[in-house]
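Chains as they are written, first to last, in the numbering used here: chain B, 324 to 433; chain C, 47 to 161. Ideal Cβ placement from N, Cα and C applies to all residues, glycine included. Model, not experiment: these values are computed from the prediction. In what follows, a single structure is set out as structure tokens and then discussed.
Now the structure itself:
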């Protein structure tokens, strides 16, 4: 069943602005991952954050995890047109399966 | 490096036909999986494998068969295609045999239409 649910589901921002999207989940997790999907392509892994971690950075990406609220956020700073994509969170519940949310469409306007 | 290779990229089938979607990876990954992606539904797991000779069902396995005779290949078979199987299919692999505790590497998908 679907685990992560992204919010907002669609986001439109100007180039240079920051984009924040959230993911909520329902059961305990071992880790949470974020992926990007450009139109017509496969998903690309961005960041993995484990349940004992609170924050991780990778370039212009910052991910936070709050296990008490069962939520995570992905921040893209200084967005670029190339960041236009769908973003998915996915959770590891300890059963050899990665469960994906429905995705969040981000459009960066040049 | 090729990574995860899926063939074909596009396929049109008539209801009742059978076909095999191919997936191969050259990263010596233990874990391989198949997802389908439908509008508004996100990605749903069909089948997965934690190593050669081992397969298991995911969230939506009905109508699909898989086998894993080698580490590199993980084909997905549709025995009798139905319009409900119209979707985009993604194969993904991971170096961890558990799959979910390490990044998944995705192919570029097979877009299947069943008429």
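### Query
How is residue 64 (chain C) classed by DSSP in three states: helix, strand or coil?
Residue 64 (chain C) carries a coil assignment under DSSP once its states are collapsed to helix, strand and coil.
#### Entry: Cβ pair residue 114 (chain C), residue 66 (chain C) closer than 8 Å
With respect to the 8 Å criterion, residue 114 (chain C) and residue 66 (chain C) are not classified as neighbours on the basis of their beta carbons.
### Query
Of the choices C:129, C:135 and C:140, whose alpha-carbon is the least far from that of residue 121 (chain C)?
Nearest to residue 121 (chain C) by alpha-carbon distance, out of C:129, C:135 and C:140, is C:135.
### Task
Can you say whether residue 53 (chain C) is buried or exposed, counting buried as having 16 or more other CB atoms within 10 angstroms of its CB?
Residue burial annotation: residue 53 (chain C) is exposed, with fewer than 16 other C-beta atoms found within 10 angstroms of its C-beta.
### Message
So residue 147 (chain C) contacts chain B; which residues on that side make the cut at Cβ distance below 7 Å?
### Response
Per Cβ cutoff of 7 Å: 353, 354 and 415.
### Message
Assess contact between the stretch 49 to 64 of chain C and the stretch 418 to 425 of chain B, defined as three or more Cβ pairs (one per stretch) separated by less than 8 Å. Is contact present?
### Response
Judged by Cβ distances under 8 Å, the stretch 49 to 64 of chain C makes no contact with the stretch 418 to 425 of chain B, as fewer than three pairs qualify.
#### Entry: Counterpart residues of residue 389 (chain B) in DSSP-defined beta bridges
In the DSSP output, where bridge partners are listed per residue, residue 389 (chain B) has B:394.
### Query
Would you report the Cα separation of residue 141 (chain C) and residue 156 (chain C), rounded to the nearest angstrom?
So the alpha carbons of these two residues sit roughly 22 Å apart.
### Task
Under 7 Å between beta-carbons, which chain C residues line up against residue 421 (chain B)? List them in chain order, please.
145, 146 and 150, listed in chain order.
### Query
Run through DSSP, which three-state label would residue 324 (chain B) get?
Because residue 324 (chain B) carries a pLDDT of 34, less than 50, the predicted location of this residue cannot be relied on, and the following value inherits that uncertainty. Residue 324 (chain B) sits in coil when the DSSP states are folded into three classes, being neither helix nor strand.
### Query
Smallest Cα separation from residue 354 (chain B): which of C:131, C:95 and C:146?
For residue 354 (chain B), the nearest C-alpha among the options comes from C:146.
#### Entry: Runs of beta strand (DSSP E) wholly within the stretch 62 to 108 of chain C (minimum 3 residues, chain order)
The stretch 62 to 108 of chain C contains these whole beta strand (DSSP E) runs: 65 to 71, 77 to 84, 88 to 97 and 100 to 103.
### Query
Does residue 384 (chain B) come within less than 8 Å of chain C when only Cβ atoms are used?
It does not: the Cβ of residue 384 (chain B) has no partner Cβ on chain C nearer than 8 Å.
### Message
Along the chain, where does the beta strand (DSSP E) containing residue 348 (chain B) start, and where does it finish?
### Response
From DSSP, residue 348 (chain B) is part of no beta strand (DSSP E); its letter is neither H nor E.
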